[in-house]
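Asker:
Number of protein chains: 2
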Amino acid sequence: MAFPIGELARQTAVKVPTIRYYEQIGLLPEAPRSEGNRRLYGSTEVERLNFIRHARDLGFEIEDIRELLAMAAQPQSSCHQVDSIANNHLAEIERRIASLTALKRELTRMIEECGHGRVCDCRIIEALADHSQCLAEH
Amino acid sequence: MAFPIGELARQTAVKVPTIRYYEQIGLLPEAPRSEGNRRLYGSTEVERLNFIRHARDLGFEIEDIRELLAMAAQPQSSCHQVDSIANNHLAEIERRIASLTALKRELTRMIEECGHGRVCDCRIIEALADHSQCLAEH
DNA sequence: TCTTGCTCCTCTAGTCACTAGAGAAGTTAG
DNA sequence: CTAACTTCTCTAGTGACTAGAGGAGCAAGA
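Heads up: the sequence lines are chains B and E, in that order.
Per my numbering, the first sequence runs over residues 18 to 155.
Per my numbering, the second sequence runs over residues 18 to 155.
The following block contains the structure:
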């Protein structure tokens, strides 16, 4: 029933030091200890840690996850707040995609214009140096 | 001709503590000082800092910028390395866009399935909790 | 000349989410 | 009994800044 931290790490694909870190910041409750002072876990912790890992994979921040866990613990309450966290996160992701796409366009253009010659003619260096080329102005 | 750090900050839109930080890590050379120990700058520093800021805006890491600056200082050498840094960076950006797009898809699906009712029926919480829904399996 | 308010100085510590490493102690297999 | 492995605690490092304390310089107005 009870297994040590390495086994929990294997079952959830979360590294051992990360699990200890999550305990330290209170994302996981303090684990009961064996006689030899090792942390002991059960299936509840596997579930909780999987929840955390999945949310992290999706890019949620630790504080978001803290809130999501608190809400998941109150199944009778409205999921309006859950929805709002997820929607905020989606908006943030969309912002990041848009900004990265703009960067990609600019970089691609810079690279295409580079004649692969000497640095003194390099369009990449030039584009970076030239104040007037900054992203804000596109 | 020579102006203080605040003026450099204004001209380049880089914050004062950031400029001092760049000097500390050697991205900017140590500035000469006035009698009252204030850093003094000229147009050379404006150009260098604009280059740095633009590269940072484009998402280049400090170490990349260090290399780009070193190359820009040798205008007779080949720009092959410049091209390679830019291309690596472009590939990294494309990876990030792809990964964010996958997250967006997953999040959108989760949000759409959420019936906006109680937490006990919330598809978002469920999707996060459910081990089998993890991204790796898509 | 004095004061007010701004800018600047150095230094330390905090952010986020871990990751690395040291040194000691418990556990398991042969 | 020993060797190899896992676990323990603790500290410090990562990247790229940001915040704050406490003190000094400087420019303009009364």
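The beta-carbon is built from N, C-alpha and C at its ideal position, and this holds for glycine as well.
All figures in this text were calculated on a predicted structure; none of them were measured in a lab.
1. So, does the CB of E/GLU80 fall closer than 9 angstroms to a CB anywhere in chain B?
2. What do you reckon, are the CB atoms on E/CYS96 and B/CYS139 nearer than 9 angstroms?
3. Less than 9 angstroms between CB atoms is the rule here; does E/ILE141 satisfy it with respect to chain B?
4. According to DSSP, what are the bridge partners of E/GLN58?
5. Please list, in chain order, all residues of the same chain as E/TYR39 whose beta carbon is under 6 angstroms from its beta carbon, the five residues on each side excluded.
6. Please determine, among B/ALA146, B/ALA26, B/VAL136, B/ARG126, the residue with the shortest C-alpha to C-alpha distance to B/VAL63.
7. Can you give the Cα-Cα distance for E/ILE114 and E/VAL99, rounded to whole angstroms?
8. Does the stretch 115-127 of chain B come within contact of the stretch 54-73 of chain E, defined as at least 3 CB pairs closer than 8 angstroms?
9. Where does B/THR61 land, buried or exposed, given buried means 16+ other C-beta within 10 angstroms?
10. Tell me whether the beta-carbon of E/GLY53 lies closer than 9 angstroms to the beta-carbon of E/MET18.
11. According to DSSP, is B/SER116 helix, strand or coil?
12. Between B/THR35 and chain E, is the shortest Cβ-Cβ distance under 9 angstroms, so that the two count as touching?
13. Would you mind sorting B/ARG50 into buried or exposed? The rule is 16 or more other CB atoms within 10 Å of its CB.
14. Assign E/SER51 to one of three DSSP states: helix, strand, or coil.
15. Would you verify that the beta carbon of B/SER60 is, or is not, closer than 9 angstroms to some beta carbon of chain E?
16. Kindly indicate if chain B contains any beta-carbon less than 9 angstroms away from that of E/GLU84.
17. Between which two residues does the alpha helix (DSSP H) carrying B/ILE141 extend?
18. If you reduce the DSSP assignment to three classes, tell me which class E/SER17 lands in.
19. Give me the DSSP bridge partner(s) of E/ARG135.
20. Can you round the beta-carbon distance between B/ASP147 and B/HIS106 to whole angstroms, since I take them to be within the 8 angstroms contact cut?
21. Using a Cβ-Cβ cut-off of 9 angstroms, state whether B/ALA144 counts as contacting chain E.
22. Express the C-alpha separation of E/ILE110 and E/GLY43 in angstroms, rounding to a whole number.
23. Mind pulling the chain E residues with CB within less than 8 angstroms of B/ASP92?
24. Using a Cβ-Cβ cut-off of 6 angstroms (strictly less than) and excluding sequence neighbours within five positions of E/ASN67, which residues of its own chain qualify?
25. Between which two residues does the alpha helix (DSSP H) holding B/LEU86 run?
Answerer: By the coordinates alone:
1. The residue given as residue 80 of chain E occupies position 63 in the second sequence. Not one chain B Cβ lies under 9 angstroms of E/GLU80.
2. The residue given as residue 96 of chain E occupies position 79 in the second sequence. The residue given as residue 139 of chain B occupies position 122 in the first sequence. Taking 9 angstroms as the cut-off, the beta carbon of E/CYS96 is found closer than this to the beta carbon of B/CYS139.
3. Taking the second sequence and counting its residues from 1, the one referred to as residue 141 of chain E is at position 124. Yes - at least one Cβ of chain B is within 9 angstroms of the one on E/ILE141.
4. The residue you call residue 58 of chain E lines up with position 41 of the second sequence. The sequence given here places Tyr at residue 58 of chain E; Gln does not occur at that position. Looking at the DSSP assignment, E/TYR58 forms a beta bridge with E/PHE20.
5. Here residue 39 of chain E refers to the residue found at position 22 of the second sequence. In the same chain as E/TYR39, and ignoring 5 residues on each side of it, the C-beta atoms closer than 6 angstroms to its own belong to LEU45, in chain order.
6. Counted from its first residue, the first sequence places residue 63 of chain B at position 46. Residue B/ALA26 is the option with its Cα nearest to B/VAL63.
7. Taking the first residue of the second sequence as 1, we reach residue 114 of chain E at position 97. Taking the first residue of the second sequence as 1, we reach residue 99 of chain E at position 82. E/ILE114 and E/VAL99 have their alpha carbons spaced roughly 23 angstroms apart.
8. No: fewer than three Cβ pairs fall under 8 angstroms.
9. The residue you call residue 61 of chain B lines up with position 44 of the first sequence. By the 10 Å Cβ count, B/THR61 comes out exposed.
10. The residue labelled residue 53 of chain E in the question sits at position 36 within the second sequence. The residue labelled residue 18 of chain E in the question sits at position 1 within the second sequence. Cβ atoms of E/GLY53 and E/MET18: not closer than 9 angstroms.
11. As a first step, residue 116 of chain B must be located in the first sequence, where it is residue number 99. Here B/SER116 sits in helix by DSSP.
12. Against the first sequence, residue 35 of chain B aligns to sequence position 18. Under the 9 angstroms criterion on CB atoms, B/THR35 is classed as non-interfacial with respect to chain E.
13. Indexing the first sequence from 1 puts residue 50 of chain B at position 33. Burial check for B/ARG50: the Cβ neighbour count within 10 Å stays below 16, so the residue is exposed.
14. The residue you call residue 51 of chain E lines up with position 34 of the second sequence. Coil.
15. Here residue 60 of chain B refers to the residue found at position 43 of the first sequence. Not an interface residue.
16. Here residue 84 of chain E corresponds to residue number 67 of the second sequence, with the count starting at 1. So, not an interface residue.
17. Within the first sequence, residue 141 of chain B is the residue found at index 124, counting from 1. For B/ILE141, the uninterrupted alpha helix (DSSP H) run begins and ends at 140-146, by DSSP.
18. Here chain E has residues from 18 to 155 only, and residue 17 of chain E is not among them.
19. Here residue 135 of chain E refers to the residue found at position 118 when the second sequence is read from its first residue. Paired residues: B/SER95.
20. Walking along the first sequence from the start, residue 147 of chain B turns up at place 130. Walking along the first sequence from the start, residue 106 of chain B turns up at place 89. No, B/ASP147 and B/HIS106 are not in contact; Cβ-Cβ is about 36 angstroms, not under 8 angstroms.
21. Here residue 144 of chain B refers to the residue found at position 127 of the first sequence. At least one CB atom of chain E sits nearer than 9 angstroms to the CB of B/ALA144.
22. The residue you call residue 43 of chain E lines up with position 26 of the second sequence. The residue you call residue 110 of chain E lines up with position 93 of the second sequence. Our two residues, E/GLY43 and E/ILE110, have alpha carbons roughly 26 angstroms apart in a direct line.
23. Your numbering for residue 92 of chain B matches position 75 in the first sequence. Just to set this straight, residue 92 of chain B is Pro in the shown sequence, not Asp. For B/PRO92, the chain E residues whose Cβ falls inside 8 angstroms of its Cβ are ARG135, VAL136, CYS137, in order along the chain.
24. Stepping through the second sequence from its first residue, residue 67 of chain E is reached at position 50. Here the set comprises THR29.
25. Position 69 of the first sequence, counting from 1, holds the residue named residue 86 of chain B. Residues 79-89.
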